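So the sequences go chain by chain: Z and W. Going by the working numbering, 20 is the number at position 20 of the first sequence; the sequence numbering is gapless. Going by the working numbering, 49 is the number at position 49 of the second sequence; the sequence numbering is gapless. Take a look at the structure set out below.
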Amino acid sequence: MGSKTLYDKLWDAHVVRVDETGTALLYIDRQLIHEVTSPQAFEGLRLAGRQPWRTSANLAVPDHNVPTAQSERASGIADPVARIQVAALGTNCASFGITEFAMGDVRQGIVHVIGPEQGFTLPGSTIVCGDSHTSTHGAFGALAFGIGTSEVEHVLATQCLIQRPSKTMLISVDGELGAGVTAKDIVLAIIGAIGTAGGTGYVIEFGGAAIQALSMEGRMTVCNMTIEAGARAGLIAVDEKTIDYMRGRPLAPTGELFEQAAASWRTLVSDAGAVFDRVVHLDAASIAPQVTWGTSPEMVLPIDGQVPDPAAEADPVKAASIRNALNYMGLTAGQPLAEIAVDKVFIGSCTNSRIEDLRAAAAVAAGRKVSKNIKLALVVPGSGLVKAQAEAEGLDQIFTAAGFEWREPGCSMCLAMNADRLEAGERCASTSNRNFEGRQGQGGRTHLVSPAMAVAAAVTGHFVDVRTL
Amino acid sequence: MEPFQNFSGIVAPLDRANIDTDAIIPKQFLKSIKRSGFGPYLFDEWRYLDHGEPDMDCSQRPLNSEFILNDPRFSAAQILLARENFGCGSSREHAPWALADFGFRVILAPSFADIFFNNCFKNGILPIQLESDLIGVLFEKASGVAPLRISVDLPAQLLTLDDGNQIPFTVDVGNKQRLIEGLDDIGLTLQQADAIREYEARRKVEAPWVFV
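Rendered as C-alpha cells:
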C-alpha cells in the first residue's frame, strides 16, 4: 500500500469525507467558467439564494461564442442570441464578484489556454470547468476534468463535488519521436490504439520518454484530447519543466511561497512500484503524422494510410460505423489519405492554439502560399497574449503573406458557435479535437491533424506528409 | 428534481455507436441561457431535413422520415436504446436536458461516456449499462412491427419486457437514492459545511499557495 500513483496522491489530498457507500466529497481548488455552460448554474444559485463558497477560486472568460473577426469585435456580436449569452456571463460575474477576462481584455482567450497562461492552473490542484477539455490542465500534475452545468453550480455553492474514484491507466510512450511528428500525432495515435471508449472509467497518466521530452505545451495537447479517448482526466507527472513554466505566472505564488509550493509539486509523480489497473505501451518511433478519416477521433491513420473498407471489418456494429462515416465524409474505401483535397483549413482550438503551435505552423507556411483551391485558411490564436507574442515574433506576417487570415482569440471553428464554420460538404484540415458529424458546421467534414500538417494541407491543397515538403 | 417513478414505456432503437453530445443537441442551441425547451431540437441534424436554429417552430420543419424518432410508433418513446459509448464528447448538460424534455427517462446502451452518464442522474434520467449481446437482442425485439415496451422498476433494479422476460441491472447506490428521492445535491453537500471548512483549514496549512 506504500506506493501510490499520481492520481491516488491527488485524490487523497482532496477528499473531504467518504460516506458509507464509498462516495467521496472531493474538494475543488479551482473552477474555470465560460459563457455557454454557466448561465443556468448562476440562475440556480440565484433562485436558491446561495452565494459562491469561495469567490476567488473561480475565473471566467467568454470564448465559445466570441467573434474572431476584428470588425465584429469592434461593432459588437452580431448574433443576438450569442450576444445575450456573453453579456449574461459579464452580469453574472459582476453580481457574484467573480473575476472575468471580458472581450477586449488582452488576457481573454480560450479557457484552457488562459488557465495555464495566467498560472491559475496549479500543479497538485483539482480543477474543473463546464467543458470536457478541462483534461488539458492535467499536464501540470493537476486532477482536472469536465463537468456538467449542475456540477458547475454545485462547485460554485459548495467548492466540492460528489465523486467516486476512477480506475487508473498508464499509457507509456516509449523512445523518441521522429522529426516532424508532434504531440498531436502522439495523442491521435493513442486514441487510434485504445479507441474513443478505451479510457472510459479511467484517469490516464501519460508517461515514458517521449512524453517527458515534450514541452509543457505539447503535454497540454496530449492531455487535452484524453477525453477523446474516453477518460475524463489525463495526467502527466511534475518535473522541472512544470516548475519552470509556473515561475513568474501572474496568478502563481511568488518568492518563498513559490519555493515551498515547488518542493511540494516535485512529489507529484507516481511512486516506483505503483500499480495501475491497465498499462499500455506505444513506441514513439513508430508514430507518423496522423490524419483522421471518419466521424470519430478513433477513425485515424498515418498519412500514408488508405481509407478503410467496411467490408473488411468483421464486427457488424463497427462496419456500420465505417459505412456511415464514409458516406458522411464523402470518401471511398481504399482512397489514399494523401489524395484527399481540402476546402478550408483551421489552426486553433484549446488543442493547438498556443505559441509553439503557431511557431510550428509558421515554420511550414514561411515562403509558401495557400493553394488556390482553399476557400479559407484561418489562424486563431488561443488568447490575446498568445496573439501579442506571435505578432512580436512576426508570425502574423508570415501567415498573412502566405494567404491565411489572422484572427482574434476564441474557440472559433472548433465547434462553430460563432460565424467561423464549414458549409455542407466542405472539407477541413483542422487542428481541433473533434471530427463529429456537424461539429464544424452542419454537413461539414473535419479531418484532425497537427498544426504543421494543417499548413501542409493548406499550401498543397490536399493532405500530405509534412516531412516530405 | 422530481423523484424517479417506476413506469412502463416504449423503446426507440437508435442503432448507432459513439453517439456524441453534438449529435444529441447541436451547438447553435447552446446559446440559450435557459434549462428548458431543448426537446424539439433533440438530434436536430438527423431529425430534420433543414438547418435548425434556436426559436424555430419545429412543427413547420421538414422531417427526415428515415430517422427513428420520426416513426409514429416511437413518438411517445420513453426508453432510448443505443450502441456503445453513448454520450461521448462535449460535457454539455444540454444533452440530457434535451433527452428529458423529449420524454426519455431511461437510456439502454453497452457503455456510456463518463460525463454524460453523470449528467443524466442530475436530470432524472436513468442510464442503464447492459451487456453488448443483450443490447443486440433488445435491438431485434425493438425493431419488430409492434414496438417493444419495457417496465422499469428502479428500487428492484429490474426491467420487465412485454414478453415477460426480465433483466436485472446495476446502479450506483448513491445515484439510485438520489433519483428515487429526487434529492437536491447542493442542499445535501451543504449539510457537510463544517467538514468542508475543516478541510480548508487543514489545506491552508499544507498548501497555502492554493488560497493566495
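We put the CB at the ideal spot given by N, CA and C, even for glycine. Since the structure is predicted, the reported quantities are computational estimates derived from the model, not experimental observations.
Chain W within 8 Å of residue i, Cβ atoms only
i	result
Phe436 of chain Z	yes
Cys160 of chain Z	yes
Thr149 of chain Z	yes
Asp131 of chain Z	yes
His112 of chain Z	no
Ala261 of chain Z	yes
Pro253 of chain Z	yes
Ile84 of chain Z	yes
Tyr27 of chain Z	yes
His154 of chain Z	yes
Gly334 of chain Z	no
Gly124 of chain Z	yes
Leu331 of chain Z	no
Contacting residues, own chain, Cβ-Cβ under 7 Å from residue i (five flanking each side not counted)
i	result
Gly22 of chain Z	Arg164
Phe145 of chain Z	Val128, Thr134, Ser135, Arg232 and Ala233
Thr196 of chain Z	Glu228, Ala229, Gly230, Ser296, Pro297 and Glu298
Classification of residue i by the beta-carbon crowding that lies within 10 angstroms, buried from 16 upward
i	result
Ser383 of chain Z	buried
Ala285 of chain Z	exposed
Asn327 of chain Z	exposed
Gly234 of chain Z	buried
Gly187 of chain W	exposed
Leu376 of chain Z	buried
Ala392 of chain Z	exposed
Ala94 of chain Z	exposed
Gly402 of chain Z	A small correction: the amino acid at residue 402 of chain Z is Ala; Gly does not occupy that position in the sequence shown. Per the 10 Å Cβ criterion, buried.
Val205 of chain W	exposed
Leu122 of chain Z	buried
Glu408 of chain Z	buried
Ala263 of chain Z	exposed
Proximity winner among the options, relative to residue i (alpha-carbon distances)
i	options	result
Leu510 of chain Z	Z:Leu143, Z:Ile227, Z:Asp239 and Z:Ala452	Only positions 1 to 469 of chain Z appear in this structure, which leaves residue 510 of chain Z out of reach.
Pro297 of chain Z	Z:Ser321, Z:Asp309 and Z:Pro316	Z:Ser321
Ser111 of chain W	W:Ala12, W:Glu2 and W:Ala17	W:Ala17
Glu426 of chain Z	Z:Leu331, Z:Ala390, Z:Phe399 and Z:Ala338	Z:Leu331
Ile204 of chain Z	Z:His64, Z:Ile194 and Z:Leu170	Z:Leu170
Glu66 of chain W	W:Leu148, W:Phe43, W:Ala76 and W:Gly52	W:Phe43
Leu80 of chain W	W:Glu181, W:Ala193 and W:Ser8	W:Ser8
Ala338 of chain Z	Z:Leu301, Z:Ala314, Z:Leu89 and Z:Val364	Z:Leu301
Phe116 of chain W	W:Gly89, W:Ile135 and W:Phe102	W:Gly89
Ala146 of chain W	W:Glu2, W:Pro3, W:Ala193 and W:Ile10	W:Ile10
Thr98 of chain Z	Z:Val113, Z:Leu188 and Z:Ser38	Note that residue 98 of chain Z is Ile in the sequence shown here, rather than Thr. Ile98 of chain Z has its Cα closest to that of Z:Ser38, out of Z:Val113, Z:Leu188 and Z:Ser38.
Ala193 of chain W	Z:Ser3, Z:Trp53, Z:Gln40 and Z:Leu395	Z:Trp53
Chain Z contact for residue i (CB, 8 Å cutoff)
i	result
Pro127 of chain W	no
Asp20 of chain W	yes
Glu84 of chain W	yes
Leu134 of chain W	no
Tyr199 of chain W	yes
Gln192 of chain W	yes
Ala142 of chain W	no
Arg92 of chain W	yes
Thr170 of chain W	no
Leu42 of chain W	no
Gly89 of chain W	yes
Thr160 of chain W	no
Asn64 of chain W	no
Glu2 of chain W	no
Lys204 of chain W	no
Glu45 of chain W	yes
Leu30 of chain W	yes
Residues near residue i by beta carbon distance below 8 Å, same chain, minus five either side
i	result
Arg202 of chain W	none
Leu30 of chain W	Arg92 and His94
Glu151 of chain Z	Val128, Gly130 and Leu161
Pro3 of chain W	Leu179, Ile180, Glu181 and Gly182
Cβ-based neighbour list, residue i, same chain, cut-off 6 Å, excluding 5 preceding and 5 following
i	result
Arg278 of chain Z	Met169
Asn119 of chain W	Glu93 and Pro96
Val36 of chain Z	His64
Asn92 of chain Z	Phe42
Within the region 14-54 of chain W, ranges of the alpha helix (DSSP H) (whole runs, at least 4 residues): Qualifying alpha helix (DSSP H) stretches, in chain order: 21-24 and 44-47.
Runs of beta strand (DSSP E) wholly within the region 344-383 of chain Z (minimum 3 residues, chain order): Runs of the beta strand (DSSP E) inside the region 344-383 of chain Z: 344-347 and 376-379.
Beta strand (DSSP E) runs contained entirely in the region 79-150 of chain Z, provided each spans 3 or more residues: You should have 126-129 and 143-146.
Sequence ranges, beta strand (DSSP E) only - wholly within the region 53-107 of chain W, length at least 3: Counting only unbroken stretches of 3 or more residues, the beta strand (DSSP E) elements lying wholly within the region 53-107 of chain W are 79-82, in sequence order.
Sequence ranges, alpha helix (DSSP H) only - wholly within the region 39-75 of chain Z, length at least 4: Whole alpha helix (DSSP H) segments, 4+ residues: 39-48 and 70-75.
Whole runs of the alpha helix (DSSP H) within the region 105-178 of chain W, excluding any shorter than 4 residues: Listed in chain order, they are 114-121 and 132-142.
Every unbroken alpha helix (DSSP H) inside the region 395-461 of chain Z [4 residues or more]: Complete alpha helix (DSSP H) runs here, min 4: 395-402 and 451-460.
Inside the region 203-227 of chain Z only - alpha helix (DSSP H) runs reaching at least 4 residues: DSSP runs (the alpha helix (DSSP H)) wholly in the region 203-227 of chain Z: 209-212 and 216-224.
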